[in-house]
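Below is one structure, written out as structure tokens; the observations come after it.
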Amino acid sequence: MHLGGHDPALTGHFIAALDEAIAGVTELFLLGDLFEAWTGDDTADPAAEALADALARLADTGVRTRVLRGNRDFLLGCQPSPPAVAPYPRRARFELCDEPLVLEAFGRRIAVCHGDALCTDDLEYQRFRAASREAAWQDAFLAHPLDERERLARGYRDASEASKQAKAGFLMDANPGAVDWLMDAAGADLLVHGHTHRPAIHHWQHAGRQRERWVLPDWTLEPRRGGFLRIDASGWSRLGDW
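What the sequence shown shows, in our numbering, is residues 1422 to 1663, in sequence order.
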């Protein structure tokens, strides 16, 4: 979703779309990059508070929400010590899960992940990803005051966007071998992820079995794009603007 103070209209649009799509839903999965950047749970971002309120309202109605970290918000659930505020997952009343998350739903075994770990051809990004998931890196980052963390995050984001301009497109897409490795490890023949901003449904054969991969869309207003994947007893359906 890449929500944040940079685009209040997108936050309002996403929450309205979620409220419309949620009818009859018992479980909600958000697959990372909820926010454009996340510099710690002490972040003061109106978009984060609006989403927390929306998810808490869903929890009041009995909806169970599970969230994966993305490449923009891998610090969800983290803040400097001693903590200044309640953890964001507690305030928003969702469960923060490690990936891949493996589900059994309506007779299907499904692996769910954010998707950035599948882009194994982008060695530069994978090195940063590995370093930034280490406790020492995160402790050092969180030791900075909030305004300095926000400045650093803008720098990382700007450098990432500049780097993309010089990279071949395949580097920023899921590597087929990495996809099959994850699905083998999960014992799943169906994978759902986001990250690449390349919504699609892929079908192929692997070791004599049919496999399927659903890539979710990102959320933008210009052009209008964004949607949900709904799974129920009647099957799989796409909601919104794919």
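Built from N, CA and C at the ideal position, the CB exists for glycine as well.
Put residue i into one of helix, strand or coil per three-state DSSP.
i	result
residue 1555	coil
residue 1598	helix
residue 1495	coil
residue 1452	coil
residue 1642	coil
residue 1531	strand
For residue i and residue j, what's the separation of their Cα atoms in angstroms?
i	j	result
residue 1528	residue 1653	10 Å
residue 1551	residue 1582	19 Å
residue 1461	residue 1565	11 Å
residue 1572	residue 1459	12 Å
residue 1637	residue 1488	15 Å
residue 1563	residue 1501	5 Å
residue 1639	residue 1504	32 Å
residue 1655	residue 1567	47 Å
residue 1591	residue 1584	14 Å
residue 1430	residue 1478	20 Å
residue 1446	residue 1617	26 Å
Let me confirm a value: residue i is counted as buried when at least 16 other C-beta atoms fall within 10 Å, else exposed. Which label applies?
i	result
residue 1600	buried
residue 1545	exposed
residue 1634	buried
residue 1368	One cannot answer for residue 1368 here, as it falls past the ends of the chain, which runs 1422 to 1663.
residue 1575	exposed
residue 1444	exposed
residue 1623	exposed
residue 1539	buried
residue 1394	This structure gives no information on residue 1394, because the portion of the chain shown stretches from 1422 to 1663.
residue 1520	buried
residue 1493	buried
residue 1526	exposed
Which same chain residues end up closer than 6 Å to residue i when comparing Cβ atoms and leaving out the 5 residues on each side of it in sequence?
i	result
residue 1627	1601
Which residues in the same chain have their Cβ closer than 8 Å to the Cβ of residue i, if we skip the five residues on either side of it in sequence?
i	result
residue 1466	1425, 1426 and 1456
residue 1647	1422, 1434, 1435, 1438, 1638, 1639, 1640, 1641, 1661 and 1662
Inset, instruction - Output the residue ranges of the beta strand (DSSP E) runs that lie fully inside the segment 1606 to 1663 and measure 3 residues or longer, sorted by chain position. - result: 1611 to 1614, 1621 to 1627, 1630 to 1636, 1647 to 1653 and 1656 to 1662
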